[in-house]
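Residue numbering for the sequence shown is 0 to 302, as defined by numbering that gives the first Met the number 0. For every residue, glycine included, the Cβ atom is placed at its ideal position computed from N, Cα and C. Presented below is the structure to which this report refers.
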Amino acid sequence: MKNSIVSASANSGVWGAIQVKAAASYATATSTATSTSTTSFDYTIPTSNDLYPSVRKRGLAYNDASLTHFFNGFKVSWAYNWYSAPVDSTSHPSDTPNLSQTFVPMLWSDTSDLTSVWAANAQAALNAGADHLLAFNEPDQCGDGLGGSCMGSPAHAAASYKTWMQPFAGRAKLGAPAVTNGGSPMGLTYLEYFIGNCTGCTIDFIPIHWYDQWWNVDYLYWYVQQAYQVGGGRPIWITEFAPWGAEEWQQWWFLNQTLPWLDQYDGVERYAYFGTFDGMLINDNGTGLSRLGELYNERRSSY
Ligand code: BGC
């Protein structure tokens, strides 16, 4: 999903409570932003190599593999590119994949251009050390420019999963399709129906996406925990998340809040911020990390 606005619409019950809390967070964030102190903007860089050495959660979502090299050697341990091979020979033929990050292949949808190369590409990645496979990207999302694969019913997605993903069961951990945080019938409703329809399927982990306002971090935490429930306690991967339409300092605030939470919450196995692109985790010229990228790489503590 790119700059897309799919926010859940309910505003009562749990949602009402979340919105009240979010408004409080917003007030805090706003006053922080306008105060002269930068204290609460500072990110605590762990003193050891990793705050939680036993977990390696942080990853990259990229199109251009050459940009992943800016993250060498520290916090980032895995990467994916919405495709089944680490270098997309059509769009970025001359890139060199980053071998220090474990590549995770994705079957973006079940169109024949992607399924025709899937088994060979997935197997090549497994041979190179990958141990997870990602299925369809936002099958619940339709609409030009929104980045979803718009695959129709959860039953159809489940049938395709059986054809293309299930043969790898036991040889790799298999991820369910990554749903958006759109309201029903999208999002977690779609996921629930997918799981219900995928009888006999091996589903090892649950990828999800999240976009909303930069200050609405409580909604992210709530959504991740809901997904953990709907997914039956399977590990959650957040393969895209970002505040939409947020300025850099707002994204800094957002990451500063959410990264420690994602690292400590046991239900989350991996996550990847959206995304490894110029003007986001990469600077505007594409020549190195942005301030956000340095924070993401645990190399910068103050905005
Ligand atoms: C799309 C991908 C695309 C990525 C980066 C995602 O939302 O689904 O196909 O490569 O955005 O632009």
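Distance between Thr-101 and Trp-77, taken at the CA atoms: about 4 Å. Collapsing the DSSP output to three states places Asp-211 in a strand. A distance below 8 Å between beta-carbons, with the five flanking residues on each side excluded, links Thr-95 to the following residues of its chain, in chain order: Ala-64, Ser-65, His-68 and Val-86.
When C-alpha distances from Glu-239 are compared across Asn-180, Glu-191 and Tyr-42, the shortest belongs to Asn-180. Linking Gly-232 to Gly-266 through their CA atoms gives a straight-line distance of about 7 Å. Residues of the same chain with a CB within less than 7 Å of the CB of Tyr-220, apart from the 5 flanking positions on each side, are Trp-260 in chain order.
Taking non-hydrogen atoms of ligand 1 into account, the C-beta of Gly-146 is found less than 6 Å away from one of them.
At a cut-off of 6 Å, the beta-carbon of Asn-97 does not count as near ligand 1: no heavy atom of the ligand is closer than that. Here the distance from the Cβ of Asn-136 to the nearest heavy atom of ligand 1 is below 6 Å. Taken through DSSP and simplified to helix, strand or coil, His-91 comes out as coil. For Phe-273, the closest C-alpha among the options Ser-93, Tyr-189, Leu-187 and Tyr-79 is that of Tyr-79. Under the three-pair Cβ rule at 8 Å, the region 145–157 does not count as touching the region 116–127. Beta bridge pairing from DSSP links Trp-163 with no other residue. In the DSSP assignment, Glu-191 falls within the unbroken alpha helix (DSSP H) covering 186–196. Scanning its chain for C-beta atoms nearer than 8 Å, with the 5 sequence neighbours on each side dropped, one finds around Cys-141 the residues Gly-147 and Cys-149, in chain order.
Taken atom to atom, the span from the alpha-carbon of Gly-230 to that of Glu-191 is near 7 Å. Counted as a single uninterrupted DSSP element, the alpha helix (DSSP H) harbouring Glu-293 occupies residues 290–295. Thr-67 carries a helical assignment under DSSP once its states are collapsed to helix, strand and coil.
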